[in-house]
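Quick notes on the structure that follows.
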Amino acid sequence: MGGAAVLALGSLLILLLLGRPWGVTAAFALWGGKLAQLLGIPVMDWALFNNPAFAEKLEQSILKDPTSVTNFGVFLGAFLGATLGGAFRLQDLRRIPWTTHLGVFLGGVLMGYGARLAGGCNIGAYLGGTASFSLHGPLWGVFALLGTALGMRLRPACRLENEGRTGKSLPST
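Sequential numbering of the sequence shown, starting at -13, is according to our numbering.
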């Protein structure tokens, strides 16, 4: 209940402060565009950066982008919560096999790419879509559950165990 209340309050504050629903993945497209531009790739030829608002953001600091700043706050909050809760310790990173690091990295990239293709992540597409009574919100939720089921089946390939509610490992099939 507490987490739901924080999400609802955060969503409301973003709507009131920015005049638009909470979004996450537009910042990832901006970061990717900035990185590609640094590597010499002509991103201004891409349709996304032909949009004057996005083209302007590409020239500014990411700290001027409200979505980027919000994302940094979410990352920092998750890091602090995990660290203070004892779920994250730097010394544990060395004990994790490189294949696991690679799998987690690739999974994150694929999730970000998929979120952009889906018109947003669970915040922008699902929460925002459902709250605005759009059919795309619940449809996004159905496909997210199907993707989760597939991801659970792929976890053992990255040496990740599937845990049940009791914390005990579930057999991987």
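Glycine residues also receive a C-beta, built at the ideal position from the N, C-alpha and C atoms. Computed from a predicted model, the values in this text were never measured in an experiment.
Checklist entry - When the Cα atoms are used, what is the spatial distance from residue 69 to residue 83? => result On the sequence shown, position 83 is the one that residue 69 refers to. On the sequence shown, position 97 is the one that residue 83 refers to. If I take the Cα positions, the gap works out to 21 angstroms.
Next on the checklist: To the nearest angstrom, how far is the alpha carbon of residue 59 from that of residue 108?
Outcome noted: Indexing the sequence shown from 1 puts residue 59 at position 73. Indexing the sequence shown from 1 puts residue 108 at position 122. For residue 59 and residue 108, the distance between alpha carbons rounds to 17 angstroms.
Item to check | Whole runs of the alpha helix (DSSP H) within the stretch 33 to 60, excluding any shorter than 4 residues | outcome: 33 to 36, 38 to 45
Checklist entry - residue 108 bridges to which residues according to DSSP? => result Locating residue 108 in the sequence shown gives position 122, where the first residue counts as 1. Paired residues: none, contrary to the question.
Next on the checklist: Using the Cβ count rule (16 or more neighbours within 10 Å means buried), how would you classify residue 36?
Outcome noted: The count along the sequence shown starts at 1 and reaches residue 36 at position 50. Exposed, by the Cβ-count rule.
Checklist entry - When burial is assigned at 16 or more other CB atoms within 10 Å of the CB, is residue 11 buried or exposed? => result Taking the sequence shown and counting its residues from 1, the one referred to as residue 11 is at position 25. Burial call: buried.
Checklist entry - To the nearest angstrom, how far is it from the Cα of residue 1 to the Cα of residue 51? => result The residue you call residue 1 lines up with position 15 of the sequence shown. The residue you call residue 51 lines up with position 65 of the sequence shown. Their Cα atoms are separated by approximately 15 angstroms.
Next on the checklist: Counting C-beta neighbours from all protein chains within 10 Å, is the total for residue 71 16 or more, i.e. buried, or is it exposed?
Outcome noted: Here residue 71 corresponds to residue number 85 of the sequence shown, with the count starting at 1. So residue 71 counts as exposed.
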